[in-house]
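Asks: Here my numbering runs 136 ahead of the position in the sequence shown, where the first position is 1.
All C-beta atoms, glycine included, are put in the ideal place defined by N, C-alpha and C.
Mind having a look at this structure? Questions to follow.
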Amino acid sequence: MKKLSEYLFFISLGGCIYYTLEVVFRGFSHWSMFLLGGICLLFFEIQGRAVNWEDALWKQLMRCIVFVTSMEFITGIIVNKWLGLGVWDYTNQPFHLFGQICLPFVVLFSGLCVIGILLSGYLSYWLYDEPKPHFHVL
């Protein structure tokens with residue numbers, strides 16, 4: 137039951153944070169972005185806990201960037217291409233792939249990943265008595 141509560145907490149928190157950021161910076165968002173943000177924050181916590189928060193921050197960041205970019209691509213294909221909802225379109229951005237992911241946003245999301253890794257590590261420690269994270273760069 138504790139894990140279910142923890143997972144729902146991180147999904148809800150990540151969803152709220154990402155949805156709010158989109159509304160602040162874009163003026164709107166979509167429910168799928170709530171779900172995507174929640175799944176990503178949950179992944180940050182799970183990957184950190186899996187290595188007892190001992191991996192260097194750059195290694196955790198690389199895992200999270202690959203995960204976030206992959207999830208954004210998959211979500212974009214489903215939401216934008218298959219369902220035709222047009223939630224976002226990066227075709228006017230450099231180095232894009234089918235307009236669903238692009239290099240400038242991968243860089244932007246990497247900054248959010250760092251914040252998410254730190255936040256999820258300390259929240260899991262403070263709220264759920266998980267091991268205390270020991271973040272180090274190298």
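Compare the beta carbon distance of residue 174 and residue 213 with 8 Å and say whether it is the shorter of the two.
Replies: As a working note, residue 174 is residue 38 in the sequence shown. As a working note, residue 213 is residue 77 in the sequence shown. No, Cβ-Cβ distance for residue 174 and residue 213 is not below 8 Å.
Asks: With DSSP as the reference, label residue 197 as helix, strand or coil.
Replies: For the purposes of this step, residue 197 is identified with residue 61 of the sequence shown, where counting begins at 1. It is helical.
Asks: Quick check: the Cα distance between residue 151 and residue 172, rounded to an integer number of angstroms?
Replies: What you label residue 151 is simply residue 15 of the sequence shown in a count that begins at 1. What you label residue 172 is simply residue 36 of the sequence shown in a count that begins at 1. Distance between the alpha carbons of residue 151 and residue 172 is about 7 Å.
Asks: Looking at the structure shown, is residue 221 part of a helix, part of a strand, or coil, going by DSSP?
Replies: Sequence index remark: in the sequence shown, residue 221 carries index 85 (1-based). Here residue 221 sits in coil by DSSP.
Asks: Quick check: the Cα distance between residue 142 and residue 260, rounded to an integer number of angstroms?
Replies: By 1-based counting over the sequence shown, the position of residue 142 is 6. By 1-based counting over the sequence shown, the position of residue 260 is 124. Cα to Cα, residue 142 sits roughly 8 Å from residue 260.
Asks: In the DSSP assignment, find the alpha helix (DSSP H) that holds residue 174 and state where it starts and stops.
Replies: The count along the sequence shown starts at 1 and reaches residue 174 at position 38. Its alpha helix (DSSP H) spans residues 167 to 186.
Asks: In three-state terms, what does DSSP make of residue 144?
Replies: The residue given as residue 144 occupies position 8 in the sequence shown. In this structure, residue 144 counts as helix in the three-state DSSP scheme.
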